[in-house]
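FYI, in numbering that gives the first Met the number 0 the residues of the sequence shown are 0 to 299. In this text, a Cβ means the ideal position worked out from N, Cα and C, and glycines have one as well. To keep things clear, I will list the structure first and then write my remarks on it.
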Amino acid sequence: MKKILLVAITLGLMTVPPAFAQKGKPLFTDKANDPKLGMVSYTYRKSFQKDVAATLDTIKALGITNIEFSNLFGRTAQDIRALLDERGMRCTSFGVGYPDLENKIGEVAANAKTLGAEFVRVAWIPHKGDFTLDLAKKTVADFNRFGKTLKDEHGLTFCYHNHGFEFQPVPAQVASEVKGKDATLFDYIVQKTDPKYVSYEMDILWTFFPGHDPAAILAKYPTRFKLMHVKDLKKGVQGNLSGGTPPDNDVALGTGQLDLPTILKAANKTSIKYYYIEDESSNISTQVPISIAYLRSLRM
């Protein structure tokens, strides 16, 4: 197992683009356990469903000790916290479903606090068909309410993870209310939510997929993003506003369509605190080590 892992990591280092063989301050330390670099539990969802402890061991062996849990995998928050503590690992962000925030936000907060998380994240706004202005208005009200409760009552920061469908153009009737050229309903949500209570987690694939530039959006809202999902999209795949693409369109970082050097340089100038690797594909055993090596090669 160790030999396979070493080969995979070596392969990752060998495939790092020449642009990163340069001097400069690393975005992430080349040592294991950089506190800024984390893993989304969804990457290892199949393994977590079978054995949480063994999966944590696998991730730690890759030099990652920071986890964003988006599921408790049939365990209690107390169980998972104990497993993390035993391994010197931590959960910095806790992802939940929209209905959980609507109906049991106190339980969500209690689980997040037990896990040791600083952030509570939601990654999907329930909707059918195209995302609309009416849904955006409801979302703004909901997010402000969720964020206020989590911050004022529990000391937690609420974040929304974009998923692509929110980039519908702003309708003409509210265009004058939204700053920026070619504004979208995502801009509407960001600008209408209270910065004191609502922050964002940028998923760079789900920003690029609907046709937008992650670096430009980071520059536009440098203080609103606190978290990031780092992933890459297979070359040749065409995007849209659906918020969905087959999982195996996720590829190892640096091998796909996204301009990761530019995106991550822009991110380095924002308020982003944690960068989580997310790979939804069936190829994580080979792709994740390459992605980690790629990120550790970056120089700003």
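* Pick helix, strand or coil for P168, following the three-state DSSP scheme. => strand
* Asked: So G115 packs on R80, CB below 8 Å; how close in whole Å?
  -> 6 Å
* To do: Within its chain, find whatever has a CB closer than 7 Å to the CB of A265; leave out the 5 residues flanking it on each side and keep chain order.
  => A214, L217, A218
* In its own chain, which residues sit with a C-beta less than 6 Å from the C-beta of L294, not counting the 5 before and 5 after it? -> F27
* Would you kindly work out how many angstroms separate the C-alpha atoms of A292 and L36, rounded to a whole number? => 12 Å
* **T285 versus V169: straight-line alpha-carbon distance, rounded** => 41 Å
* For Y196, the first and last residue of its enclosing alpha helix (DSSP H) -> Premise fails: Y196 is in no alpha helix (DSSP H) and is neither H nor E.
* Please say whether T42 and I203 have beta carbons closer to each other than 9 Å? => no
* Asked: Which same chain residues, not among the five before or five after Y220, have their C-beta less than 7 Å away from its C-beta?
  -> V189
* For R120, collect the residues of the same chain with a Cβ closer than 6 Å to its Cβ; drop the 5 residues on either side in sequence, then sort them by chain order. => S92, G94, C158, H160, E200
* To do: Assign F224 to one of three DSSP states: helix, strand, or coil.
  => strand
* Using CA coordinates, which residue listed in K24, M227, S241, H228 is at the minimum distance from G210? -> S241
* Asked: Are K230 and L263 closer than 9 Å when you measure CB to CB?
  -> no
* Asked: Are there 16 or more other CB atoms within 10 angstroms of the CB of A174, so buried, or fewer, so exposed?
  -> A174 comes out exposed.
* Asked: What residue ranges within the stretch 61-134 form continuous beta strand (DSSP E) runs of no fewer than 3 residues, ordered along the chain?
  -> 65-68, 89-95, 118-121
* Could you check what DSSP says for I276 in three-state terms: helix, strand or coil? => strand
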